[in-house]
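Novice: The structure under discussion is supplied below as structure tokens; questions concerning it will follow.
Residue numbers (the working numbering): 2 to 1157.
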């Protein structure tokens, strides 16, 4: 009987344990409904979708042939305009060669205050004059340009807004540039050694090996400088003359040879490298590191130089010059038999060296040219001359033309070492044909010094009697040159790009949706072969290879890949889809470029019917409140704002000429012209594309709900809507940066990728000063059917968004899920890339938001459950290739079918958590039951250097790893099976414009009474309030209007000694009370198994009040919240502001976790 009772008791205990371990499924429908309410009630998504459903749209199938012809013709027009400008300049300089010029003021002599800032040039300029830059070696009697040439430059500037700098560099070392601008150094520039100068005069690309003597004799000095140092400077100058179409390497020799070995790639040890900025920098570092010592052994150096040329002789080398630049200061000391006399040794050395040259050049088809340079007077001039002539007849090595005609080089004796740099760096004169080119040379695009993006130089040489006199050039940005292709936007799956087909750089891509916009490139560019971007075999065979031939245009149809951003390009990765497509290409005559249009099957253009802008309920307010102020201005945080209506701004794609909009200064008269057209007061339109005004009128409907919504006042910073054709509305209306483009921002891309769902961003510190917010966004579509949810066939026409207070989001999450208030549980919301929207550790013990929470990943914060999610395939590793930094971006995607997890049933005490997808959103809710006895797994978090990139199931934070990249040939070798291309990084643009004015005289747009909030989290949940708890307020914190930055001047002035004394007496008393409370709570916890709910997260009741005429004295809170024992929090230094919309690559370091 007792035994039966015992086993019954055991069974009951077992069942009880099982029931205790089981858990109810998370009710995520509550949170789903709340997010839908936020999207509908204060943002107005359903209201606006119904409005757009009531409008009429017309769908037109795209005409690919018409579009490619339009792109080709517009490109041709822009090129002809640039060529015409440089031709006029060439003619003006050519006709003035024999006439006397004027000595223009040096650029370094101008002061900044003499300049007028120009957005066209990105710096201060003086359009009334030109200026000169003189090289350190400029001749005293150097030729100068006459005024007539500068007048031509002025006319070019006035007639063609696309061109930037115009200049002439001559062989005397004088560089004249228009317009004038300030330069800080007077002799730091020599145009003769710049790639654009050399490339213009030497039409073919070159393979060059620079061979430098580093023997002991190079330690001799000339005018206080070692010959070795002079030789290094000369070699560096030679490298600097080259452009990425050239290939180069450096060999330093004495008894042995040395080559670049410290660069990222070991290829420099065995082949030539393209003269990209990166490779030139590597060679520069190597040359600088060369030390002197040893004997002068020619043969080994020549053998190495020929090896490098032989290894680099590829399919693109047929028309290249293969050159060895050989520099020495002494006789050869190559090893020969000791039994020979000194005369016989010298003869044998000469014989062996010439035999080496003859044999190795024959293997190259006698394609190699040798230019020898002798430094000083202790030379074997006869041998150096024979090496250059490749004629060893005098040394018993006759010429051998059977392998091809020998190309004779040149020997240059440099008796004055100071002239070595000029002599070596002018090697290109040897390759001049002496014929003036009729077609201008377009240089390899490079970074503009003034920061206006990538530019190309359109240049022509100036010759007199067959001798080079100099080069004229005109700079034009790729943004201007390729504007029609870059801003091309038709349909949903159609795009365009440009690549080169001439022999110098076959396949080099100039612009493509998968490459950064030329105006955003802030470093020297990385050029990608078009077959690395368009990886289908059909493209290479039927488009690229055909375009290399004689055909001027062509077409091919096949299935190709589209890359779709998931949100922030630097953190969230991409998705890919396969789309049947037609590729149409057309060569741009007179240029090395091909333009290509990719048209998705059945892609269409959706056109909104004409909207009436003259209705009584339509109000157009442009965001430039500083130029035309609407009635009723107010202050919204630290911004001048209006609640009269939402303010409208336009992205550059909304304009007929996007570049003209970007470089032109907006004036009151121009804004008036916008307003009159938008209001229907004038039909004169010279700025906007068709359909823009119609969308402005259609989106104005949002004001009806935005201006009447009370809920928006407390917890929402801004509400807004952005359309596909470039219209952006924001409420309250404030001024934005003119370059702001909502269509490429993460919140917009993320919403499009999650069409029909509510999407949340990770938290970020708002530029307005409103604290940490998250963006809630939702798409508006042109319905193929007006009933039911949005479909994949529905075209996105707009995205609506609101900036929501992070503390407010956390508060209502805790209200819905009481467990989140208990210390033994931790709650979080995570997006579909694994980034945390909110987490307990985002807040300190007082409820204030911690610093450094932007883009915190689940693998970084929850190292116990993240590995389990990865093992369960709920969190899946992905990769894409970042061409900009030559890295693989390693990121995560949540696998939704496997993301609903409840580990309570698994019986692992260290893995007690639930995770469920929130329907209709891009986020997931997780609740963890904490355990202090469990050791977290190791998840490395070296963001810039992955440790486990190839281990699919290993836990590691999102990070960067090295991509397979050939530095020497400057190319990725990719196929369709490799990781997809990442989307290019966004711009580092602050959307707000700084206001330097005191706004306290303006009424608040939303008059929130901040003093009603008694805890930090309550306070900062209201976006216009600030929690003051530092310095003199540390012991008596309070909530105050953030405009005053916690500095109520009246309080400071009226504080009396009695008040201060009272505070001093009160502080110890408060401390004692707090200690007693903590001890009592501790005792209570020991006597109960149930956790105590936190008292620093209480429901908040929002209300509004009128704005006081002056700041009222804040009242201290009646209690001070205490930290629950065992709570987890972050400690971190003062933050550096980083908006995730501007995130460029590496996640900022996270603060360490500490347990109190």
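Every residue, glycine too, gets a C-beta built ideally from N, C-alpha and C.
In chain order, what are the residue ranges of uninterrupted alpha helix (DSSP H) at least 4 long that sit wholly in the segment 981-1045?
Specialist: As far as the segment 981-1045 is concerned, its whole alpha helix (DSSP H) runs of at least 4 residues are 1017-1022.
Novice: Run the CB neighbour count on residue 653, radius 10 Å, all protein chains shown included, and call it buried at 16 or more, exposed below.
Specialist: Answer is buried; the Cβ neighbour count reaches 16.
Novice: Please list, in chain order, all residues of the same chain as residue 1150 whose beta carbon is under 7 Å from its beta carbon, the five residues on each side excluded.
Specialist: Low confidence applies to residue 1150: its pLDDT is 37, below 50, so where it sits in the model is not reliable, and the reading given next is rough at best. Taken in chain order, the list of residues that qualify is empty.
Novice: Taking the alpha carbon of residue 495 as the reference point, which residue from 513, 506, 109 has its own alpha carbon closest?
Specialist: Nearest of 513, 506, 109 to residue 495, Cα basis: 513.
Novice: In angstroms with no decimal places, state the Cα-to-Cα distance between residue 616 and residue 622.
Specialist: Their backbone Cα atoms lie some 15 Å apart in a straight line.
Novice: Just how far apart, CA to CA, sit residue 968 and residue 280?
Specialist: The alpha-carbon atoms of residue 968 and residue 280 are separated by roughly 7 Å.
Novice: Roughly how many angstroms separate the alpha carbons of residue 717 and residue 275, rounded to a whole number?
Specialist: Roughly 53 Å separates the two Cα atoms.
Novice: Out of 1031, 1036, 1027, 1035, state which residue places its alpha-carbon closest to the alpha-carbon of residue 1044.
Specialist: Of the listed residues, the one whose Cα sits closest to residue 1044 is 1027.
Novice: Use the C-beta contact count for residue 399: other C-beta atoms within 10 angstroms, 16 or more gives buried, fewer gives exposed.
Specialist: With fewer than 16 Cβ atoms within 10 Å of its Cβ, residue 399 is classed as exposed.
Novice: Take the Cβ of residue 468 as the centre, count every other Cβ of all protein chains shown within 10 Å, and call the residue buried at 16 or more, exposed below.
Specialist: Burial call: exposed.
Novice: In the DSSP assignment, what are the bridge partners of residue 118?
Specialist: Residue 118 pairs with 125.
Novice: Using 10 angstroms around the beta-carbon of residue 977, count the other beta-carbons present and answer buried if the total reaches 16, otherwise exposed.
Specialist: Counting Cβ neighbours within 10 Å, residue 977 comes out exposed, since fewer than 16 surround it.
Novice: For the segment 831-844 and the segment 761-780, state whether three or more C-beta atom pairs, one from each stretch, are separated by less than 8 Å.
Specialist: Short answer: they touch.
Novice: Please name the residue, chosen from 196, 127, 986, 844, that lies closest to residue 444 on a Cα-to-Cα basis.
Specialist: When only C-alpha atoms are compared, the closest one is 196.
Novice: In chain order, what residues of the same chain lie with their CB nearer than 6 Å to the CB of residue 580, ignoring the 5 residues before and after it?
Specialist: If we look at residue 580 and ignore the five residues flanking it on each side, its Cβ neighbours are 494, 563, 601.
Novice: Based on DSSP bridge pairs, tell me the residues matched to residue 376.
Specialist: 415.
Novice: Report the rounded CA-to-CA distance for residue 669 versus residue 629, giving the unit in angstroms.
Specialist: Answer to the nearest angstrom: the Cα atoms are 7 Å apart.
Novice: Among 379, 112, 960, 73, whose alpha-carbon lies nearest the alpha-carbon of residue 125?
Specialist: Closest by alpha carbon: 112.
Novice: Just to check my reading of the structure: residue 371 and residue 327 have Cβ atoms closer than 8 Å, yes? What is that Cβ distance to the nearest angstrom?
Specialist: Confirmed, about 6 Å.
Novice: CA-CA distance, residue 85 and residue 269?
Specialist: Roughly 41 Å separates the two Cα atoms.
Novice: Taking all protein chains shown into account, decide if residue 329 is buried (16 or more other Cβ within 10 angstroms of its Cβ) or exposed.
Specialist: Under this definition residue 329 is a buried residue.
Novice: Would you kindly work out how many angstroms separate the C-alpha atoms of residue 880 and residue 244, rounded to a whole number?
Specialist: The alpha-carbon atoms of residue 880 and residue 244 are separated by roughly 32 Å.
Novice: So the candidates are 882, 860, 913; which of them puts its Cα closest to the Cα of residue 826?
Specialist: Selected option, being the one with the closest Cα: 913.
Novice: Do residue 169 and residue 94 have their beta-carbon atoms positioned less than 7 Å apart in this structure?
Specialist: Yes; because the gap between Cβ atoms is below 7 Å, this pair is in contact.
Novice: Throw me the rounded Cβ distance for the residue 163 and residue 585 pair, which I believe falls under 8 Å.
Specialist: Contact doesn't hold; Cβ gap of about 26 Å is too wide.
Novice: How many Å lie between residue 547 and residue 337 at the Cα?
Specialist: Whole-angstrom Cα-Cα distance: 56 Å.
Novice: Please report the distance separating the alpha-carbon of residue 685 from that of residue 646.
Specialist: Cα to Cα, the separation comes out at about 24 Å.
Novice: Just to check my reading of the structure: residue 333 and residue 350 have Cβ atoms closer than 8 Å, yes? What is that Cβ distance to the nearest angstrom?
Specialist: Yes, residue 333 and residue 350 are in contact; Cβ-Cβ is about 5 Å, under 8 Å.
Novice: Pairing CB atoms from the segment 120-136 with CB atoms from the segment 444-460, are three or more of them under 8 Å?
Specialist: Enough Cβ pairs lie closer than 8 Å, so yes.
Novice: Just to check my reading of the structure: residue 302 and residue 258 have Cβ atoms closer than 8 Å, yes? What is that Cβ distance to the nearest angstrom?
Specialist: Correct: roughly 6 Å between the Cβ atoms.
Novice: How long is the line joining the alpha carbons of residue 727 and residue 982, rounded to whole angstroms?
Specialist: Taking the straight line from one Cα to the other gives about 26 Å.
Novice: Given a threshold of 16 other Cβ atoms within 10 Å of its Cβ, counted over all protein chains shown, does residue 936 qualify as buried or as exposed?
Specialist: So residue 936 counts as exposed.
Novice: Could you tell me which residues DSSP pairs with residue 250 in its beta bridges?
Specialist: Looking at the DSSP assignment, residue 250 forms a beta bridge with 210.
Novice: Cα separation between residue 249 and residue 673?
Specialist: Roughly 57 Å separates the two Cα atoms.
Novice: For the pair the segment 743-755 and the segment 495-511, tell me if three or more CB-CB distances fall below 8 Å.
Specialist: These segments do not touch.
Novice: Could you tell me which uninterrupted alpha helix (DSSP H) segments, each at least 4 residues in length, are contained entirely in the segment 24-67, listed from first to last along the chain?
Specialist: The qualifying runs are 30-39, 46-54.
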